[in-house]
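Asks: In order, the protein sequences belong to chains A and B.
The first sequence begins at 1356 in my numbering and counts up one residue at a time.
The second sequence begins at 146 in my numbering and counts up one residue at a time.
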Amino acid sequence: MAVDEGLKIELGKQGVFVTTLQELYNWGRRSSVWPMNFGLACCAIEMIATTMARYDLARFGAEVFRPSPRQADLMIISGTVTKKMAPQVVRLYNQMGEPRYVIAMGACAISGGPFKQGYNVLKGIDRYIPVDVHIPGCPPRPEALLEAFMTLQKKIDAQHLTGEERPRHLDAEAPGMFPVPEQGEHDLEPPANKNVWTVPVVIR
Amino acid sequence: MSASETRLVGRDGAPVMDVDGDLLEVSMGPHHPSTHGVFRMDLALDGEKIVKLKPVFGYLHRNHEKLGEEHSYLASMPYTDRLDYICSLTNNWAYALAVEKLAGQEVPERAEYLRVILGELTRVQNHILSVGFLLQDMGASGTPLMYGFREREKILDLFESLTGSRMMCNYMRFGGCRVDASPAWLDGARAVVAALPAAVDELEALVCTNEILMARTQGVGVLPAELAINAGISGPVLRASGVNYDVRKVDHYGIYDRFDFKVPLGDHGDVYDRFMIRLLELRQSLRILEQALKDIPGGPVMDPKAKLRNFRPKAGEAYGRIEAPKGELGFYLISDGGPNPYRYRVRPPTLVNLTVLEDMCLGHNVADVVLILGSIDIVLGEVDR
């Protein structure tokens, strides 16, 4: 239930601030998204550049890069995920506490990018873990990563605490652990997590 | 991975003896904030001391060489950007040099100057970044790296305005460069180069005589000159051990014989020397840049006879190498007369430099491994390819 905007402003003038629990909760979460200190390839350099003085990720409350997945809210898949690395990425994601979010940064993390033909390259990390924001680019500019942060913040703001649209961490039925793929005879087993990813239908 | 595969074995294939049963096996990486990417080390520790170190590669193996055989010569150029993704322009240069050797192509003088300017700018930003990352690994969290990135952004702006991309420049072509630099760009480059020595002075004043830095790096990770030569080490790591070998001076590729610059050498071959060598090389690069930006002639930037589409060099083989910021970067190409190379091989400097990691780390503490690895300045895109 949202508070009437006019009333809210009027009360604010008198020094009384009114909000809903949901807004306060989401405001707190979106203003302190701590990313995981996790670089994979080229995009990681642009990710570091984003945290530096010129682009200053701290403006979005997200400058605290945590090396431990237990302390992180956001995983930025910054670079090519190879078939050797994919199990580790999924395992790290499993170790993160809810609520957790994923940004797939760059062409490689989205689809394999320029290396898609390669025998050792995973064709998109969204085959194994749910991705919240995709940023195209090879590598995406730091501004693009900032845009992804803003998109993620809008997404967090729009989440309801109850009802069908509630986030995964408030849904007891939602899966907490995602199956970690293993290197099979020819490819990763399973080749994709069916609950997360389905073969896209091409509409012509 | 099963337990038997991760078991540490010595050079002779026999397992590392754990007589008292108190060696600790630690897997460091692939997700570790100071392994500079997805690199893993299997360590055997006696208390804090390293008894055995086994590097594990391949977490970023992107099939570079196989893709190179499937693509035409020109189509491989953007892939070389992603080898050592901090220094894309020197990768372009080495590859262009190899193909030019293969096809016997000439490069116009202005293009050679532009290559030197961009190559040395790349070296400057790589060294300033590697110094920043080394200090970050040491625990000087944030500040020195921010100083490094501040200077790097100025150079990246130059790259972007000339080539259209901050990192993946894809600028050099067989027989020249893709676009010409405008006089305004050259003026901008002159301004950046003129401002850089003051920034390097600032960085040196901040860190070089810092007591913590000296205590943690001097005498740590010593690489003897003999071992460095035998292991094929190149670049700043080799020169820090006191071996005077710089491909720019040895090969005189491009037009490097026209410039007056020195090759700084280290005495001890420890982490501190490798750190200082980078700062000294940076100053020499600035000297080259000043000369090149002063002397750059007019003229075309592409050989008019150069052929980009339907490019089929005659059958043969060629090895082109340059002094990349991290060491000797070489491309070995075999042509069978077709549009694609028959064999495309990269000689990455950092992979070869990593082979002596264990020799440098043995007997040191775990915390020093991070520093020694940082002083080699690896980039996993190049190590795993």
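For every residue, glycine included, the Cβ atom is placed at its ideal position computed from N, Cα and C.
Just so we're clear, the structure is a prediction, and the values are computed from it rather than from any experiment.
Does GLY1473/A come within less than 8 Å of chain B when only Cβ atoms are used?
Replies: The residue you call residue 1473/A lines up with position 118 of the first sequence. It does; some Cβ of chain B falls within 8 Å.
Asks: In chain order, what residues of the stretch 176-187 of chain B put their CB closer than 7 Å to some CB of chain A?
Replies: Taking 7 Å as the Cβ-Cβ cut-off against chain A, the residues of the stretch 176-187 of chain B that qualify are HIS176, PRO178, GLY182, VAL183.
Asks: Since I believe ALA239/B is in contact with LEU474/B (beta carbons under 8 Å), could you give me their beta-carbon distance rounded to a whole number of angstroms?
Replies: In the second sequence, the residue the question calls residue 474/B occupies position 329. In the second sequence, the residue the question calls residue 239/B occupies position 94. The Cβ separation is near 5 Å, so the contact holds.
Asks: Taking only the alpha-carbon atoms, compute the straight-line gap between GLU210/B and LEU1429/A and give it to the nearest angstrom.
Replies: Counted from its first residue, the second sequence places residue 210/B at position 65. Counted from its first residue, the first sequence places residue 1429/A at position 74. Each residue's Cα considered, the two are about 34 Å apart.
Asks: Identify the contact partners of GLY443/B in chain A, using a Cβ-Cβ distance below 9 Å as the criterion.
Replies: Numbered from 1 along the second sequence, position 298 holds the residue referred to as residue 443/B. Simply none; closest approach about 33 Å.
Asks: Is it true that the stretch 255-274 of chain B meets the stretch 294-311 of chain B, where meeting means three or more beta-carbon pairs spaced less than 8 Å apart?
Replies: Enough Cβ pairs lie closer than 8 Å, so yes.
Asks: Return helix, strand or coil for LYS1478/A, following the three-state DSSP convention.
Replies: Taking the first residue of the first sequence as position 1, residue 1478/A is located at position 123. DSSP places LYS1478/A in coil when its eight states are reduced to three.
Asks: Can you pull the DSSP bridge partners for THR1437/A?
Replies: Here residue 1437/A refers to the residue found at position 82 when the first sequence is read from its first residue. Answer is VAL1476/A, bridged to THR1437/A.
Asks: Look up GLN1514/A in the DSSP assignment and say whether it is helix, strand or coil.
Replies: Position 159 of the first sequence, counted from the start, is the residue given in the question as residue 1514/A. In this structure, GLN1514/A counts as coil in the three-state DSSP scheme.
Asks: How about GLU1401/A: is its C-beta nearer than 8 Å to some C-beta of chain B?
Replies: Position 46 of the first sequence holds residue 1401/A. Yes, its Cβ sits closer than 8 Å to a Cβ of chain B.
Asks: With DSSP as the reference, label ALA1527/A as helix, strand or coil.
Replies: Working through the first sequence from its first residue, we reach residue 1527/A at position 172. ALA1527/A falls in the coil class under three-state DSSP.
Asks: I need the DSSP call for PHE1504/A, collapsed to helix, strand or coil.
Replies: As a first step, residue 1504/A must be located in the first sequence, where it is residue number 149. PHE1504/A falls in the helix class under three-state DSSP.
Asks: Who are HIS272/B's beta bridge partners in DSSP?
Replies: Along the second sequence, read from residue 1 onward, the residue named residue 272/B stands at position 127. Its beta-bridge partners do not exist; DSSP assigns none.
Asks: Measuring straight from C-alpha to C-alpha, what distance separates ASP405/B and GLU170/B?
Replies: The residue you call residue 405/B lines up with position 260 of the second sequence. The residue you call residue 170/B lines up with position 25 of the second sequence. Going from the Cα of ASP405/B to the Cα of GLU170/B covers about 50 Å.
Asks: Can you tell me which of the three DSSP states ASP313/B falls into?
Replies: Walking along the second sequence from the start, residue 313/B turns up at place 168. Strictly speaking, residue 313/B in this sequence is Met, with Asp absent from that position. Coil.
Asks: Going along the chain, which residues of its own chain have a beta-carbon closer than 7 Å to the beta-carbon of GLN429/B, five neighbours each way excluded?
Replies: Within the second sequence, numbered from 1, the residue matching residue 429/B stands at position 284. Hits under 7 Å: PHE406, LYS407, PRO409.
Asks: Looking at ASN1475/A and HIS216/B, is the spacing between their C-beta atoms short of 8 Å?
Replies: Within the second sequence, residue 216/B is the residue found at index 71, counting from 1. Within the first sequence, residue 1475/A is the residue found at index 120, counting from 1. Contact: no.
Asks: I need the DSSP call for SER179/B, collapsed to helix, strand or coil.
Replies: The sequence position of residue 179/B within the second sequence is 34, counting from 1. Here SER179/B sits in coil by DSSP.
Asks: Which runs of the alpha helix (DSSP H), 4 residues or longer, sit entirely within the stretch 191-216 of chain B?
Replies: The qualifying runs are 209-215.
Asks: Mind reading off the beta-carbon distance from ASN498/B to ILE521/B? Whole number of angstroms is fine, and I expect it under 8 Å.
Replies: On the second sequence, residue 498/B is found 353 positions in, with the first residue counted as 1. On the second sequence, residue 521/B is found 376 positions in, with the first residue counted as 1. 5 Å between Cβ atoms; contact.
Asks: Taking its Cβ as the centre, do 16 or more other Cβ atoms sit within 10 Å of THR225/B, making it buried, or is it exposed?
Replies: Position 80 of the second sequence, counted from the start, is the residue given in the question as residue 225/B. Buried is the call here.
Asks: Nearest to ALA326/B by alpha carbon, out of LEU425/B, ARG260/B, GLU435/B?
Replies: On the second sequence, residue 326/B is found 181 positions in, with the first residue counted as 1. Ranking LEU425/B, ARG260/B, GLU435/B by Cα distance to ALA326/B puts ARG260/B first.
Asks: Tell me whether the beta-carbon of PRO1454/A lies closer than 8 Å to the beta-carbon of PHE1420/A.
Replies: Here residue 1454/A refers to the residue found at position 99 of the first sequence. Here residue 1420/A refers to the residue found at position 65 of the first sequence. Result no, Cβ atoms of PRO1454/A and PHE1420/A do not sit closer than 8 Å.
Asks: Output needed for LEU372/B: all residues of its chain with C-beta closer than 7 Å, excluding positions within five of it in sequence on either side, in chain order.
Replies: Here residue 372/B refers to the residue found at position 227 of the second sequence. VAL501, ASP504, listed in sequence order.
Asks: Mind checking LEU518/B: buried by the 16 CB within 10 Å criterion, or exposed?
Replies: In the second sequence, residue 518/B corresponds to position 373, counting from 1. Buried, since its Cβ has 16 or more Cβ neighbours within 10 Å.
Asks: For a contact defined as C-beta to C-beta under 9 Å, what are the partners of LEU1477/A on chain B?
Replies: The residue labelled residue 1477/A in the question sits at position 122 within the first sequence. The premise fails here: LEU1477/A is roughly 11 Å from chain B at the closest Cβ pair, so nothing lies under 9 Å.
Asks: Got a sec: is the Cβ-Cβ distance from PHE1470/A to anything in chain B below 8 Å?
Replies: As a working note, residue 1470/A is residue 115 in the first sequence. Chain B, which has a Cβ nearer than 8 Å to the Cβ of PHE1470/A, makes this yes.
Asks: For a contact meaning CB atoms closer than 9 Å, what does THR1435/A contact in chain B?
Replies: The residue you call residue 1435/A lines up with position 80 of the first sequence. Per Cβ cutoff of 9 Å: LEU205, ARG207, ARG227, GLY526.
Asks: What does a CB cutoff of less than 8 Å around PRO493/B pick up in its chain, not counting 5 residues either side in sequence?
Replies: Here residue 493/B refers to the residue found at position 348 when the second sequence is read from its first residue. If we look at PRO493/B and ignore the five residues flanking it on each side, its Cβ neighbours are LEU228, ASP229, LEU474, GLU527, VAL528, ARG530.
Asks: Can you pull the chain B neighbours of LYS1363/A, defined as C-beta to C-beta under 7 Å?
Replies: As a working mapping, residue 1363/A is identified with position 8 in the first sequence. Those within 7 Å of LYS1363/A in chain B number zero; the least Cβ separation is about 39 Å.
Asks: Of all Cβ atoms in chain A, is any one closer than 8 Å to the Cβ of TYR224/B?
Replies: Here residue 224/B refers to the residue found at position 79 of the second sequence. So, interface residue.
Asks: Tell whether a beta-carbon distance below 8 Å holds between SER1433/A and ALA1399/A.
Replies: Position 78 of the first sequence, counted from the first residue, corresponds to residue 1433/A. Position 44 of the first sequence, counted from the first residue, corresponds to residue 1399/A. Closer than 8 Å, so yes.
Asks: Taking a Cβ distance cut-off of 8 Å, strictly less, list which residues of the stretch 1383-1411 of chain A are near chain B, in chain order.
Replies: Listed by position along the chain: ASN1392, PHE1393, GLY1394, LEU1395, ALA1396, CYS1397, ALA1399, ILE1400, GLU1401, ILE1403, ALA1404, MET1407, ALA1408, ARG1409.
Asks: Going by beta carbon distance, what residues of the same chain come within less than 6 Å of PRO458/B, once the five residues before and after it are set aside?
Replies: Counting from 1 along the second sequence, the entry for residue 458/B is found at position 313. LEU247, ALA248, SER480, listed in sequence order.
Asks: So who's on the other strand from CYS322/B, going by DSSP bridges?
Replies: Against the second sequence, residue 322/B aligns to sequence position 177. MET317/B, per the DSSP bridge assignment.
Asks: Between the Cα of LEU351/B and the Cα atoms of LEU496/B, CYS314/B, ALA285/B, which residue gives the shortest distance?
Replies: In the second sequence, residue 351/B corresponds to position 206, counting from 1. The option with the nearest alpha carbon to LEU351/B is ALA285/B.
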